[in-house]
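Before any comments, here is the structure.
Number of protein chains: 2
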Amino acid sequence: MTATRSYHHGNLKPALIAAGLEILESEGLDRLSLRACAERVGVSHTAPKNHFGNVTGLLTAIAAEGQTCLHAAMTDGLNPDAPRAERRRAAAEGYVAFARAHPALFELMWARGRVDFSDPVLAAAMSASFAVLRDVAGASGDPAAASVRDWCTVHGFALLSLQGVFDKDGMRHLGVQDILPDPPSGA
Amino acid sequence: MTATRSYHHGNLKPALIAAGLEILESEGLDRLSLRACAERVGVSHTAPKNHFGNVTGLLTAIAAEGQTCLHAAMTDGLNPDAPRAERRRAAAEGYVAFARAHPALFELMWARGRVDFSDPVLAAAMSASFAVLRDVAGASGDPAAASVRDWCTVHGFALLSLQGVFDKDGMRHLGVQDILPDPPSGA
DNA sequence: GGCAAATGTTTACGGTGGAAATATTGCGCG
DNA sequence: CGCGCAATATTTCCACCGTAAACATTTGCC
């Protein structure tokens, strides 16, 4: 039996995280609540407390899962033998593509006030994501500055574009590759 | 009499916006609520409905006010006769300095779900802020891409830095000027 | 087999935004 | 001047949310 159906769920912690991800996909961030997650799993709304402490703990765990997915989106299909510039472009596009594919989750992942960024699990997942960009960052100038610059640019582009800020004529055509610093010099 | 004190406030709309700004400064974004604004002004929690419709309307108006302040932060003390590169740096630093000086307000300004970005007043204020960056953007490549790139980079830096993401050694020293694309070529 | 810890439930409470009915005021118009 | 309507604000009520405390059930270990 994968799960006894009475009283003890047996797998509640991951089930709640999965429920949260589903709610984000199907109903959006503003419908994501502790009670909604619990109800979807078929459990009382106070049950999550045992595993996550409070709602912030649950949302933080969901955000960490999101970071793992973001990491995968950047590295999936990334040819390690490709030239650095190409890997850089692919990682950046993976970042933005993930944000557009999962807008609600992506927003939660950066929602200070709902998520605890000091949580070690989340911090590790975020570091792993950033490391992808760092390893392929632009080469000009201070390498630390270059990687942070790429991160800022890609992250800002993802967020602003999610907010529809570029939906006016003359901006709609812009993609990450147009935005990344050190463009291929004369496109 | 600037305001009669009975029943009709007489100046409720701007008073509620001001109250919201005060709450953001003193208590933070998570303490900002429709009821808190109303209470601070000394009015019932349903009074704002007449002027803003719902809480989103109120928060959107506060965000628009924030955009106006952001615009001012970028242009204040901006010498129009200075070389473009210098004005660009000053505007970018004004952007980030504003975010750091008013973190709660800055977050609200970009909080999809609490703010209605299709509101024309807010959209106009945002356009005005962006125009400052656009007018001083980097010169290389497509000018539209260059201005959007600057915006993304500065915005991403402001948000990520507000989240303490750069608080680890090796990143703490980084400022906007290190991050802006097209660095002065050999710092 | 029995007891302690882990896991869930029930109930209750304060906070939040919104709807509906009601009260007060301002103001235009006779 | 005063009447009546529209604007403005209040009261009351409701649904939802997160949390705490007391309680129930189950697991697992000795």
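Read top to bottom, the protein sequences are chains A and B.
Under the UniProt record's numbering, the final residue of the first sequence carries the number 187; numbering is consecutive throughout.
Under the UniProt record's numbering, the final residue of the second sequence carries the number 187; numbering is consecutive throughout.
All C-beta atoms, glycine included, are put in the ideal place defined by N, C-alpha and C.
Please read these numbers as outputs of a predicted model, since none were measured by experiment.
Reduced DSSP secondary structure (H/G/I, E/B, other) of V115(B): Start at 1 with the first residue of the second sequence, and residue 115(B) comes out as number 115. Here V115(B) sits in strand by DSSP.
Cβ of M1(B) within 8 Å of any chain A Cβ: Against the second sequence, residue 1(B) aligns to sequence position 1. Caution is warranted here: a pLDDT of 39 is assigned to M1(B), below 50, making its placement in the model unreliable, and the coordinate value is therefore given only provisionally. Using a Cβ-Cβ cut-off of 8 Å, M1(B) does not count as an interface residue toward chain A, since no Cβ of chain A sits closer than that to its own.
Backbone CA spacing between residue 201(B) and S127(B) [nearest angstrom]: It is not possible to answer for residue 201(B), since the shown part of chain B is limited to 1 through 187.
Which listed residue (K168(B), L29(B), S129(B) and Y7(B)) has its alpha carbon closest to that of H102(B): Within the second sequence, numbered from 1, the residue matching residue 102(B) stands at position 102. Ranking K168(B), L29(B), S129(B) and Y7(B) by Cα distance to H102(B) puts L29(B) first.
Contact list for R84(A) against chain B, beta-carbon separation under 8 Å: Sequence index remark: in the first sequence, residue 84(A) carries index 84 (1-based). Those do not exist, as R84(A) stays about 18 Å from chain B at its closest Cβ, beyond 8 Å.
Short-range partners of chain A found in the stretch 144-164 of chain B, where Cβ spacing is below 8 Å: A144, A145, V148, R149, W151, C152, T153, V154, H155, G156, F157, L159, L160, L162, Q163 and G164
Three-state secondary structure assigned by DSSP to residue 206(B): Chain B is shown only over 1 to 187; residue 206(B) falls outside these bounds and no answer can be derived.
Per-residue DSSP class, three states only, for D135(A): To locate residue 135(A), count along the first sequence from 1; it is residue 135. Correct three-state label for D135(A): helix.
CA nearest to the CA of L58(A), picked from L162(A), D135(A), D119(A) and V148(A): Here residue 58(A) corresponds to residue number 58 of the first sequence, with the count starting at 1. Answer by Cα proximity: D119(A).
Coil, strand or helix - R172(B) by DSSP: Start at 1 with the first residue of the second sequence, and residue 172(B) comes out as number 172. In this structure, R172(B) counts as coil in the three-state DSSP scheme.
Delimiting residues of the alpha helix (DSSP H) encompassing D81(A): Walking along the first sequence from the start, residue 81(A) turns up at place 81. From DSSP, D81(A) is part of no alpha helix (DSSP H); its letter is neither H nor E.
Nearest candidate by alpha-carbon position, reference G53(B), set G66(B), D81(B), V115(B) and E65(B): For the purposes of this step, residue 53(B) is taken as residue 53 along the second sequence, with counting starting at 1. Closest option to G53(B), Cα to Cα, is V115(B).
Nearest candidate by alpha-carbon position, reference A123(B), set A145(A), L160(A) and A90(A): Counted from its first residue, the second sequence places residue 123(B) at position 123. Closest option to A123(B), Cα to Cα, is L160(A).
Interface flag, D119(B) vs chain A, CB-CB below 8 Å: To locate residue 119(B), count along the second sequence from 1; it is residue 119. No, D119(B) does not count as interfacial toward chain A.
Best match in S129(A), R112(A), D76(A) and G77(A) for proximity to E65(A) [C-alpha to C-alpha]: Sequence index remark: in the first sequence, residue 65(A) carries index 65 (1-based). Checking every option, the nearest Cα to that of E65(A) belongs to S129(A).
Within chain B, partners of E22(A) - CB distance below 7 Å: For the purposes of this step, residue 22(A) is taken as residue 22 along the first sequence, with counting starting at 1. In chain order: nothing, as chain B lies at least about 18 Å away.
Assigned secondary structure, residue 237(A) (DSSP; H/G/I helix, E/B strand, else coil): This structure cannot settle anything about residue 237(A), because the visible part of chain A is limited to 1 through 187.
Nearest-angstrom Cα separation, counted from G141(B) out to N79(A): Within the first sequence, numbered from 1, the residue matching residue 79(A) stands at position 79. Within the second sequence, numbered from 1, the residue matching residue 141(B) stands at position 141. The alpha-carbon atoms of N79(A) and G141(B) are separated by roughly 28 Å.
Min CB distance T4(B) to chain A below 8 Å: Here residue 4(B) refers to the residue found at position 4 when the second sequence is read from its first residue. Because the pLDDT at T4(B) is just 44, under 50, the model does not fix this residue reliably, and the value given afterwards should be weighed accordingly. For T4(B), the answer is no, since every Cβ of chain A falls outside 8 Å of its Cβ.
Beta-carbon proximity check, P181(B) vs P181(A), cutoff 8 Å: Working through the second sequence from its first residue, we reach residue 181(B) at position 181. Working through the first sequence from its first residue, we reach residue 181(A) at position 181. For P181(B) and P181(A), yes; Cβs fall inside 8 Å.
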